[in-house]
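The sequence shown begins at 55 in the working numbering and counts up one residue at a time.
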Amino acid sequence: MKKDKDIFVTKPYLPNLDEYIECLKKIWESDILTNKGPMYCEFLKELSNKLKSDRINLFCNGHSALECSLKSLEMKKGGEIITTPFTFVSTTHAIVNCGFKPVFCDIKEDNMTIDVNKIENLITDKTVGILPVHVYGFSCNTEEIEKIAKKNNLKIIYDAAHAFGVEKNGKSILNYGDVSMTSFHATKIFNTIEGGLTVSNNSEIAKKQELLQNFGISGYDEVSLIGGNSKMNEFCAAMGLTTLKDVDKIIEKRKKLFDLYTESLEDVEGIKVYKETDSNVKTNYAYYPITINEEKYGTGRNGVCETLASNGIYARKYFFPLTSDMECYRKIYPEFIKTDLPVARKIANEILTLPLYYDLEEKDVKRICKVLRRKK
Ligand code: T4K
Numbered sequence: 055m056k057k058d059k060d061i062f063v064t065k066p067y068l069p070n071l072d073e074y075i076e077c078l079k080k081i082w083e084s085d086i087l088t089n090k091g092p093m094y095c096e097f098l099k100e101l102s103n104k105l106k107s108d109r110i111n112l113f114c115n116g117h118s119a120l121e122c123s124l125k126s127l128e129m130k131k132g133g134e135i136i137t138t139p140f141t142f143v144s145t146t147h148a149i150v151n152c153g154f155k156p157v158f159c160d161i162k163e164d165n166m167t168i169d170v171n172k173i174e175n176l177i178t179d180k181t182v183g184i185l186p187v188h189v190y191g192f193s194c195n196t197e198e199i200e201k202i203a204k205k206n207n208l209k210i211i212y213d214a215a216h217a218f219g220v221e222k223n224g225k226s227i228l229n230y231g232d233v234s235m236t237s238f239h240a241t242k243i244f245n246t247i248e249g250g251l252t253v254s255n256n257s258e259i260a261k262k263q264e265l266l267q268n269f270g271i272s273g274y275d276e277v278s279l280i281g282g283n284s285k286m287n288e289f290c291a292a293m294g295l296t297t298l299k300d301v302d303k304i305i306e307k308r309k310k311l312f313d314l315y316t317e318s319l320e321d322v323e324g325i326k327v328y329k330e331t332d333s334n335v336k337t338n339y340a341y342y343p344i345t346i347n348e349e350k351y352g353t354g355r356n357g358v359c360e361t362l363a364s365n366g367i368y369a370r371k372y373f374f375p376l377t378s379d380m381e382c383y384r385k386i387y388p389e390f391i392k393t394d395l396p397v398a399r400k401i402a403n404e405i406l407t408l409p410l411y412y413d414l415e416e417k418d419v420k421r422i423c424k425v426l427r428r429k430k
């Protein structure tokens with residue numbers, strides 16, 4: 055049972071209730087609850103302005119946005135997609151659900167994104183795409199990924215589920231790749247309860263996604279594609295509309311808490327803290343990951359997680375286990391668990407993501423750090 059002093063890894067940001075109720079009144083007046091009604095259209099317009107793209111689509115969740123991205127790109131079914139296993143399982147499930155085979159690439163020590171130096175060794179005549187993850191909102195090396203993709207004629211799909219609000223070279227990071235998707239889940243920095251979005255680099259792909267997410271319906275009496283249903287409804291769009299203006303404020307508060315964690319933990323022997331490594335990137339402070347070196351700290355990651363929990367602090371092991379090692383894949387792809395992923399395996403065994411959310415107070419961060427600094 056949740057106690058008052060309990061601190062969870064995250065807590066959704068809730069916008070001004072009166073403003074949300076105003077939107078609900080409009081929904082009641084319109085009688086339109088879904089299928090791209092007025093709220094959806096207004097939210098889409100506001101996002102277009104914010105992201106400086108008119109090639110965007112809104113989804114009922116991030117996972118559907120990712121699957122739709124994979125389906126929209128004309129990649130040969132059964133082809134291989136190079137990706138990382140240090141991610142939420144959605145990334146790998148989407149690849150498999152869409153009829154492709156994941157090929158796992160190791161990650162970098164410094165920001166846990168795909169190691170671009172290890173991609174080309176994995177390319178075969180079956181490779182059709184690269185699906186890197188801007189994990190924790192830290193930027194992948196988009197320049198190198200683009201070069202490799204161009205040279206080998208591969209599509210790029212970014213899992214930017216954590217990266218709404220991240221900017222690279224002065225533009226939203228969602229504008230990179232053939233398609234980027236993000237998540238608006240309740241646990242994300244900006245939420246629409248459940249929701250997701252794609253940004254495509256070409257209008258034809260964006261149009262195809264629009265069809266795919268609504269059964270392929272292209273006219274009153276016409277269905278031109280075999281699609282499904284993954285549209286965002288009016289209530290979620292209203293949540294997004296009410297919250298969008300608060301995004302900068304949310305990121306600013308998270309930065310304060312993020313910096314306080316770093317200040318309090320960076321000198322602790324055995325604890326490694328992380329930050330955005332690219333000076334051209336403005337990050338969104340989506341998560342606060344640390345790794346714990348058992349030898350130096352005196353206790354391993356699991357022990358630290360338990361100690362925090364005994365103090366009412368519920369950190370999470372995002373992302374352990376690696377998706378390549380998950381039970382669901384052991385039978386169909388027994389080779390996955392043997393993949394050579396030294397950095398990803400080490401980090402997955404040492405990772406802990408600490409609580410970080412808008413309502414978290416500085417005194418909470420200090421309390422968490424006090425527990426972590428009480429090193430044996
Ligand atoms: N790609 C990546 C890289 C992703 O990380 C994700 C999702 C996706 C794709 C797919 O996007 P979506 O289809 O989800 O839009 C959570 C989220 O459900 C998931 O969205 C997220 N990534 C993943 C990293 O974390 P869980 O199973 O850890 O969530 P849960 O329910 O344990 O919540 C975590 C904590 O948040 C709880 O301890 C309490 C708090 N919480 C949660 C919810 C839902 C609240 O206080 N209120 C709430 O309403 O997966």
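Note that beta-carbon positions come from the ideal geometry of N, C-alpha and C, so glycine has one too.
So is the beta-carbon of residue i under 7 angstroms away from any non-hydrogen atom of ligand 1?
| i | result |
| --- | --- |
| residue 212 | no |
| residue 378 | no |
| residue 372 | yes |
| residue 408 | no |
| residue 234 | no |
| residue 84 | no |
| residue 26 | The displayed coordinates of the chain run from 55 to 430. Any statement about residue 26 would go beyond what the structure contains. |
| residue 144 | yes |
| residue 66 | yes |
| residue 62 | yes |
| residue 115 | yes |
| residue 252 | no |
| residue 241 | yes |
| residue 187 | yes |
| residue 278 | no |
| residue 203 | no |
| residue 337 | no |
| residue 120 | yes |
| residue 432 | The chain is shown only over 55 to 430; residue 432 falls outside these bounds and no answer can be derived. |
| residue 141 | yes |
| residue 333 | no |
| residue 123 | no |
| residue 193 | no |
| residue 215 | yes |
| residue 364 | no |
| residue 284 | no |
For residue i versus residue j, is the C-beta distance shorter than 8 angstroms?
| i | j | result |
| --- | --- | --- |
| residue 119 | residue 270 | no |
| residue 279 | residue 265 | yes |
| residue 93 | residue 240 | no |
| residue 128 | residue 180 | no |
| residue 139 | residue 376 | yes |
| residue 202 | residue 150 | no |
| residue 406 | residue 358 | yes |
| residue 160 | residue 398 | yes |
| residue 288 | residue 81 | yes |
| residue 30 | residue 126 | The question about residue 30 has no answer here: the residues shown for the chain are numbered 55 through 430. |
| residue 426 | residue 322 | yes |
| residue 184 | residue 136 | yes |
| residue 252 | residue 286 | no |
I need the DSSP call for residue i, collapsed to helix, strand or coil.
| i | result |
| --- | --- |
| residue 370 | strand |
| residue 272 | strand |
| residue 202 | helix |
| residue 64 | coil |
| residue 283 | strand |
| residue 378 | helix |
| residue 220 | coil |
| residue 342 | strand |
| residue 15 | For residue 15 there is no data in the structure shown, the boundaries of the chain being 55 and 430. |
Using only the heavy atoms of ligand 3, determine whether one of them is closer than 7 angstroms to the beta carbon of residue i.
| i | result |
| --- | --- |
| residue 368 | With respect to ligand 3, the structure offers nothing, as its ligand set consists of ligand 1. |
Buried or exposed: which applies to residue i, given that a residue is buried once 16 or more other Cβ atoms fall within 10 Å of its Cβ?
| i | result |
| --- | --- |
| residue 290 | buried |
| residue 219 | buried |
| residue 396 | exposed |
| residue 193 | buried |
| residue 227 | buried |
| residue 236 | buried |
| residue 409 | buried |
| residue 116 | buried |
| residue 248 | buried |
| residue 388 | exposed |
| residue 333 | exposed |
| residue 308 | buried |
| residue 87 | exposed |
| residue 178 | exposed |
Margin query: Taking contact to mean 3 or more Cβ pairs, one atom from each stretch, closer than 8 angstroms, check whether the segment 161–175 and the segment 189–204 are in contact.
Written below: yes
Margin query: Below 8 angstroms, how does it come out for the segment 107–121 and the segment 254–262: are there three or more Cβ pairs, yes or no?
Written below: yes
Notebook entry, point to check: Is it a yes or a no for the segment 380–392 touching the segment 326–341, going by three-plus beta-carbon pairs under 8 angstroms?
Noted result: no
Note to self: Check whether the segment 198–215 and the segment 341–359 are in contact - that is, three or more C-beta pairs closer than 8 angstroms.
What the structure shows: no
Check: Can we say the segment 408–423 touches the segment 309–319, given the rule of at least three CB pairs closer than 8 angstroms?
Finding: yes
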